[in-house]
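Undergrad: One structure, pasted below without further comment.
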Amino acid sequence: MGDAAGSWAEDLDLIRAAASAAGEVAMGFFGKSPEVWYKNENRSPVSAADFAANEKLAQMLRAARPNYGWLSEETEDDAARLGCETLFVVDPIDGTRAFIAGLDTWCVSVAVVHRAVPVAGVLVAPALGEDFWAAAGAGAWKNGKAISVSAPVRGARLQLAAPEDIVSRFEPGFRAGVERIRHVPSLAYRLAMIADGRIDGTLVKKNSHDWDLAAADIILAEAGGQLVGLEGRPLAYNRETVAHDTLCAASAEVLPHLLANLTRI
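First residue of the sequence shown: 4, per the numbering used here; consecutive thereafter.
Structure follows, in structure tokens:
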């Protein structure tokens, strides 16, 4: 692996170690019917594994960087993070529904965000034996090998992870060149699939959150892709509101074509 640029190498090492440890904690619950609760109006599930992995991340990261802010899906939000130039953005298990169902497409997501931009990110998918990581200027990596987005093949259909109701709004001619892949419950993992060239892009419905996106965002960016809003602008993190509108992610080559067909949504 190349060295992380600037001062983020030590932070990358730290979050890789913490995410790996949290993944081991989560695996202790995987396939063992952990206790599950439901939260918010969407009845999103959260399991005992989410809380245990979150505790492990908090223990390791907050102790090592007490001056960093903290934003986690499973920790009550503290507005003090808004005054922090740098913070950890964490989802202890991204893809909780898959985890509960015994499916292996879930991951631990940890990012370092500096001045609203991710500068280091890690996704650990222990049930798959996959680790992704990246830092600003240092490339994107999976299990120790550099990864990059795919190059479109003339005449081949674009492989997209996308809801049917969004795909159906493409122009018929463009839609004919799109193939929807089977649903992947973890949004972070879907973005990682673009980063390592397995799919060409994804469309994300409104109301994803910083913790779903930040780590995968820098991994995708360092692999040659982009995650943007429908107006084409990159995301800003650590705002007062951490939810996002409809998003699009793809390689730099594919993205303009997707955005051009999404302007009517």
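Backbone N, C-alpha and C fix where the C-beta goes; we use that ideal spot for every residue, glycine too.
In chain order, what residues of the same chain have a beta carbon less than 7 Å from the beta carbon of V181, not counting five sequence neighbours either side?
TA: Along the sequence shown, read from residue 1 onward, the residue named residue 181 stands at position 178. Cβ within range, chain order: R160, L161, L163, V170, F173.
Undergrad: Going by Cα to Cα distance, which pick from A56, A219, F135 is closest to R19?
TA: Here residue 19 is taken as the residue at index 16 of the sequence shown, counted from 1. Of the listed residues, the one whose Cα sits closest to R19 is F135.
Undergrad: What residue ranges within the region 116–166 form continuous beta strand (DSSP E) runs of no fewer than 3 residues, ordered along the chain?
TA: Fully enclosed beta strand (DSSP E) runs of 3 or longer: 120–128, 133–138, 143–145, 161–164.
Undergrad: Express the C-alpha separation of L17 and Q229 in angstroms, rounding to a whole number.
TA: Taking the sequence shown and counting its residues from 1, the one referred to as residue 229 is at position 226. Taking the sequence shown and counting its residues from 1, the one referred to as residue 17 is at position 14. Taking the straight line joining both Cα atoms gives about 25 Å.
Undergrad: Extract the residue ranges of the alpha helix (DSSP H) inside the region 31–66, only unbroken runs of 4 or more that lie entirely within it.
TA: Counting only runs of 4 or more, we get nothing.
Undergrad: Note the first and the last residue of the continuous alpha helix (DSSP H) segment covering W11.
TA: Here residue 11 refers to the residue found at position 8 when the sequence shown is read from its first residue. W11 -> no alpha helix (DSSP H), and no H or E assigned at all.
Undergrad: The ligand COA and L238: does the residue's C-beta get closer than 7 Å to at least one heavy atom of that ligand?
TA: Here there are no bound small molecules, and the ligand COA is not part of this structure.
Undergrad: Go to W109, then tell me how far its beta strand (DSSP E) extends in each direction, as first and last residue.
TA: The residue given as residue 109 occupies position 106 in the sequence shown. That residue, W109, is in no beta strand (DSSP E); it is neither H nor E in DSSP.
Undergrad: Looking at F33: is its Cβ nearer than 8 Å to the Cβ of A128?
TA: Taking the first residue of the sequence shown as 1, we reach residue 33 at position 30. Taking the first residue of the sequence shown as 1, we reach residue 128 at position 125. No, these two residues do not count as a Cβ contact at 8 Å.
Undergrad: Looking at F54: is its Cβ nearer than 8 Å to the Cβ of E77?
TA: Looking up residue 54 in the sequence shown gives position 51. Looking up residue 77 in the sequence shown gives position 74. Yes, the pair counts as a contact, with Cβ atoms nearer than the cut-off.
Undergrad: With a cut-off of 8 Å on the beta carbons, I'd call I221 and P95 a contact; round off their distance for me.
TA: The residue labelled residue 221 in the question sits at position 218 within the sequence shown. The residue labelled residue 95 in the question sits at position 92 within the sequence shown. Going by Cβ atoms, the distance from I221 to P95 rounds to 19 Å, so no, they are not a contact pair.
Undergrad: I'd like to check one pair, A12 with A138: are the Cβ atoms closer than 8 Å?
TA: As a first step, residue 138 must be located in the sequence shown, where it is residue number 135. As a first step, residue 12 must be located in the sequence shown, where it is residue number 9. A contact, by the Cβ cut-off of 8 Å.
Undergrad: According to the Cβ coordinates, are S47 and V39 closer than 8 Å?
TA: The sequence position of residue 47 within the sequence shown is 44, counting from 1. The sequence position of residue 39 within the sequence shown is 36, counting from 1. No, the pair does not count as a contact, with Cβ atoms beyond the cut-off.
Undergrad: How about A56 and V28: are their beta carbons less than 8 Å apart?
TA: Here residue 56 refers to the residue found at position 53 of the sequence shown. Here residue 28 refers to the residue found at position 25 of the sequence shown. Yes, the Cβ-Cβ distance between A56 and V28 is below 8 Å.
Undergrad: Measure the alpha-carbon distance for S3 versus L106 and round it to whole angstroms.
TA: With the chain covering 4 to 268 only, the question about residue 3 has no answer from this structure.
Undergrad: Give the range of the alpha helix (DSSP H) segment to which D215 is assigned.
TA: Residue 215 sits at position 212 when you count from the first residue of the sequence shown. That run of the alpha helix (DSSP H) goes 213–225.
Undergrad: Spell out the partners DSSP gives T205 in its beta bridges.
TA: Here residue 205 corresponds to residue number 202 of the sequence shown, with the count starting at 1. BP columns for T205 point to A164, A252.
Undergrad: Which residues share a DSSP beta bridge with S75?
TA: Residue 75 sits at position 72 when you count from the first residue of the sequence shown. S75 is bridged to V93.
Undergrad: Taking the DSSP output, what are the residues bridged to E182?
TA: Position 179 of the sequence shown, counted from the first residue, corresponds to residue 182. Its beta-bridge partners are Q162.
Undergrad: Alpha helix (DSSP H) containing L258: first to last residue?
TA: Taking the sequence shown and counting its residues from 1, one reaches residue 258 at position 255. Unbroken alpha helix (DSSP H) run through L258: 258–265.
Undergrad: Quick one: residues in its chain with C-beta nearer than 6 Å to the C-beta of L206, no 5 flanking neighbours on either side, listed in chain order?
TA: For this step, residue 206 is matched to residue 203 along the sequence shown. Answer for L206: A165, I169, C251, listed in chain order.
Undergrad: Does the region 199–215 come close enough to the region 239–254 to have 3 or more Cβ pairs within less than 8 Å?
TA: At 8 Å Cβ cutoff, the stretches touch.
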